[in-house]
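Basically our numbering = 1-based index in the sequence shown + 138.
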Amino acid sequence: MLPREFIVAWMFVFLVIFPNIFNPCTCQLEPRWAAKKRHVMREKVRKMFYHAYDNYMTHAFPHDELKPLTKSFTDSLSELGNLRLEHLPQDYNGSALTLIESLSSLLIMGNSTEFERAVLWLSQNITFNVDARVNLFECNIRVLGGLVSAHILATDSTNRLVHGAYKNQLLILAEDLGKRFLPAFNTPTGLPYAWINLKYGVMVDETTETSTSGCGSLILEMGALSRLTGDPTYEYVAIRALRKLWSMRSSLNLLGTTLDVVTGDWIEYSAGIGAGVDSFYEYLFKAHILFGKEEFWRMFHSAYLAVQKYFRHGPWYHEADMRTGKATYWQLTSLQAFWPGLQVLVGDIAAANSSHREFFYVWEKFGVLPERYLLDHQMLHPTEKYYPLRPELAESTFYLYQATKDSWYLKVGESIVNSLNLYTKVEGGFASVKDVTTMQLEDHQHSFFLAETCKYLYLLFDDSFLVDRNYIFTTEGHPLPVLRDWHDRLPESYISTNWSFAQSEKQGRRASAMSLQVCPANDNQQVESACHITDTRADHRCFTNEECGVDSTTCRRRSCSMAGYCGLWLLV
């Protein structure tokens, strides 16, 4: 019989290592509470969406966006990115921008009737043959992305639209818009102009300055348009611009913020992961998922490592000079809050969780997330104290909950919902915050509030739309399906369902020195401990878990992320 002290000691170890087995609150009560809470919060988000949507349809439709304080409208498509409000059109009366942006949200929330009504109205009433100068990037992610995504959803048999009522009208509109984008790419470098007149093309004396995001975040929408229409032109010009942009990186694999599309010279050398650059990183990786091109992965992998090396400071990311890597600006911008969501897709969960908690700390401090916060002074930027209903924190919260199922993220989502209702909800919709210190409101309800903010919050509490489906979301929150037919080439072991990887039966499990009961080998494999097993490939790339080794420090088996990279991805 074993000594009593021995049994007690092992019971203590067992309870410490496996506390959840004996925690009825965690394994029984919490899921029941969480399910009820998710239902309540889902309905709150649904009410938010329809409060914004119904007010837009009542007071602003078919114009672009709602002005909720005065219950009027703004034809803002020509104003997006146009800080100086230059060259505004005289006879432009809107393109129902908010309706286009709301299409996928309507379907995600189960309203196929309103989705169908909106699709038919757009197909019969919208034209892009208008004398309006628009920002190529904004029009691409909002309008082209919205139309392409809605077309795919409209042709999905599970959405049960009226048989024969839809005949690819949205795709026809999307292709017409895509053709109007093409003159912007007629530059010596292949980098597109930031501005294009939808009727007349590039205007005389048009500015040649654009941003890294502006010319490097077009591949998802234009690539999808090419796959749907069979015309490779749209994908070709987007990839050509992306390749040229990547060729302009520094020796540190960093890129600046603004550049000249004619000369190919950098204008602003300081860069980070926020405004002007953010979606460039996002689209490199998502394009790899959507189209299966190894080229996109190689670009992203190099860029991601450079970001982690030169921009990261603990949980924060500052800006740095692309030429030297030296820090330039120590500041948080609200657009940076997308980064943890991207890290979840990559598999870097621990880093994502760390940064997300800091963003949420700032949210709680002010009630919403200010546009710019000076990290070195721990104070708000003196002029950029606004919050325009941005979705990035909600987006990252959704991704982290999907990855971890940690109910803490549901509480974060609840806090976001409560703040939006408390500070931004008005009788005529939801208004942007002009000053987070006073919560003074601004008369603008941005279309992305319906396209992204409400959508990600809804999916956080109810992800039934995603069951048995593979989607990636564009930077504007428009879902695009991951289809085998869209992939140029895939490894044979790849399975499209749930972005998982098949296990190879031919490859046997490798053993460590510990399991073989021998001393660690002193060879070129750089074995660091008795339990250490090196990854199969020196660059740590993988297609299956079997190609990953055992960590030398924790002795935990490494796994293969959906990005195809070995690591301790299950450790949060």
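Glycine included, each C-beta is placed from N, C-alpha and C at the ideal position.
Keep in mind it's a predicted model, so treat the numbers as computed, not measured.
Taking 7 Å as the limit between beta carbons, can you name the residues of its chain near residue i, skipping five residues before and five after?
i: L538; result: P478, V482, A490, N491, H494, Y547
i: L380; result: G354, I357
i: A312; result: L282, L285, V286, H289, L363
i: P326; result: V400
i: F429; result: G361, W624, H625, D626
i: A413; result: T471, L473
i: L480; result: Y419, E420, F423
i: G705; result: G485, R696, S699
i: V229; result: Correcting the residue identity first, residue 229 is Asp in this sequence and not Val. Hits under 7 Å: D269.
Using only the alpha-carbon positions, how far apart do residue i and residue j sit?
i: R695; j: F681; result: 15 Å
i: E590; j: G402; result: 33 Å
i: S557; j: F504; result: 10 Å
i: I610; j: I405; result: 32 Å
i: C693; j: W454; result: 29 Å
i: M247; j: R184; result: 7 Å
i: E432; j: Y304; result: 36 Å
i: Y448; j: G485; result: 20 Å
i: Q645; j: D600; result: Residue confidence is low: Q645 scores 41 on pLDDT, short of 50, so the model does not pin down where it sits. No coordinate-derived value is stated.
i: A173; j: K182; result: 14 Å
i: R318; j: S216; result: 15 Å
i: H177; j: L604; result: 16 Å
i: H426; j: H670; result: 31 Å
i: V257; j: L309; result: 11 Å
i: W114; j: L393; result: Outside the displayed span of the chain (139 to 710) sits residue 114, for which this structure offers no information.
i: K543; j: K175; result: 14 Å
i: V555; j: G566; result: 18 Å
i: E580; j: L218; result: 16 Å
i: T251; j: L518; result: 44 Å
i: T293; j: N306; result: 8 Å
i: T723; j: T367; result: Outside the shown range of the chain (139 to 710) lies residue 723, about which nothing can therefore be said.
i: W501; j: D673; result: 40 Å
i: P520; j: S553; result: 26 Å
i: F211; j: H582; result: 9 Å
Considering only C-alpha positions, which residue in the set the options is nearest to residue i?
i: G284; options: G328, V340, L320, S233; result: S233
i: F438; options: S697, R180, Y525, K424; result: K424
i: F266; options: R255, L598, A292, G316; result: G316
i: E116; options: L397, T575, V445; result: Because residue 116 is not part of the residues shown, which for the chain are 139 to 710, the question remains open.
i: L207; options: S697, Y372, L597, H197; result: H197
i: A488; options: V500, A541, G463, F498; result: A541
i: F498; options: G551, S545, S388; result: G551
i: R365; options: S699, G566, L621, V688; result: L621
i: V340; options: G352, G328, L320; result: L320
i: R679; options: T251, S440, I411; result: S440
i: I496; options: P520, E684, D343, S534; result: In the sequence as presented, Ile is not what sits at residue 496; that position holds Glu. For the residues P520, E684, D343, S534, the minimum Cα distance to E496 belongs to S534.
i: F408; options: T395, D416, V415; result: A quick correction: the sequence has Ser, not Phe, at residue 408. When only C-alpha atoms are compared, the closest one is T395.
i: M577; options: V506, C592, I554; result: V506
i: T296; options: G702, E685, R607, T612; result: R607
i: F476; options: I411, E203, L560; result: I411
i: R378; options: P330, R255, L595; result: P330
i: T350; options: N231, D343, D416; result: D416
i: G702; options: E502, R436, Y561; result: R436
i: D202; options: L531, R170, I264; result: I264
i: L260; options: P200, C592, V564; result: P200
i: H584; options: D573, T562, R255, S602; result: T562
i: D369; options: K209, K382, D314, G352; result: D314
i: G328; options: K382, V688, N231; result: K382
Excluding sequence positions up to five away, which residues of its chain have a Cβ less than 8 Å from the Cβ of residue i?
i: F586; result: E239, R280, L527, R528, P529, E614, G615
i: D661; result: For D661, the predicted structure reports a pLDDT of 45, less than 50, and the residue's modelled location is therefore unreliable. A value from the coordinates is still provided. Hits under 8 Å: none found.
i: L588; result: F187, A190, Y191, Y194, T236, E239, S240, S243
Starting from the C-beta of residue i, find all residues in its chain whose C-beta is less than 6 Å away, skip the five residues before and the five after it, and write them out in chain order.
i: T348; result: A332, V399
i: V375; result: F323
i: G463; result: L390, Y448
i: W468; result: H456, L513, D514
i: L597; result: F536
i: T346; result: D398, V399, V400
i: E522; result: E509, R510
i: C277; result: none
i: Y372; result: G316, M360, L363, S364
i: F434; result: L422, A425, H426
Report yes if the C-beta of residue i is less than 7 Å from at least one heavy atom of the ligand ADP; otherwise report no.
i: R381; result: Summarising the ligand content, the structure contains no ligands, and the ligand ADP is consequently not present.
Under 8 Å, with one C-beta from each stretch per pair, do the segment 258-272 and the segment 328-338 reach the 3-pair mark? With a cut-off of 8 Å, the segment 328-338 and the segment 258-272 count as touching, because enough Cβ pairs lie within range.
Three-pair Cβ contact test at 8 Å for the segment 457-464 versus the segment 511-520: The segment 457-464 vs the segment 511-520: no contact.
At 4 residues or longer, and completely inside the segment 264-303: list those alpha helix (DSSP H) runs for me, N to C. Within the segment 264-303, the alpha helix (DSSP H) runs of at least 4 residues that lie entirely inside it are, in chain order, 274-277, 283-292.
Which runs of the beta strand (DSSP E) spanning at least 3 residues fall entirely within the segment 383-415, listed in chain order? For secondary structure counted as the beta strand (DSSP E) over 3 or more consecutive residues, the segment 383-415 holds these complete runs in sequence order: 396-398, 404-406.
Could you tell me which whole beta strand (DSSP E) segments of length 3 or greater appear in the segment 331-376? As far as the segment 331-376 is concerned, its whole beta strand (DSSP E) runs of at least 3 residues are 333-335, 347-349.
Along the chain, which unbroken stretches of the alpha helix (DSSP H) at least 4 residues long are found entirely within the segment 523-596? Entirely contained in the segment 523-596, the alpha helix (DSSP H) runs reaching 4 residues are, in chain order, 530-542, 546-557.
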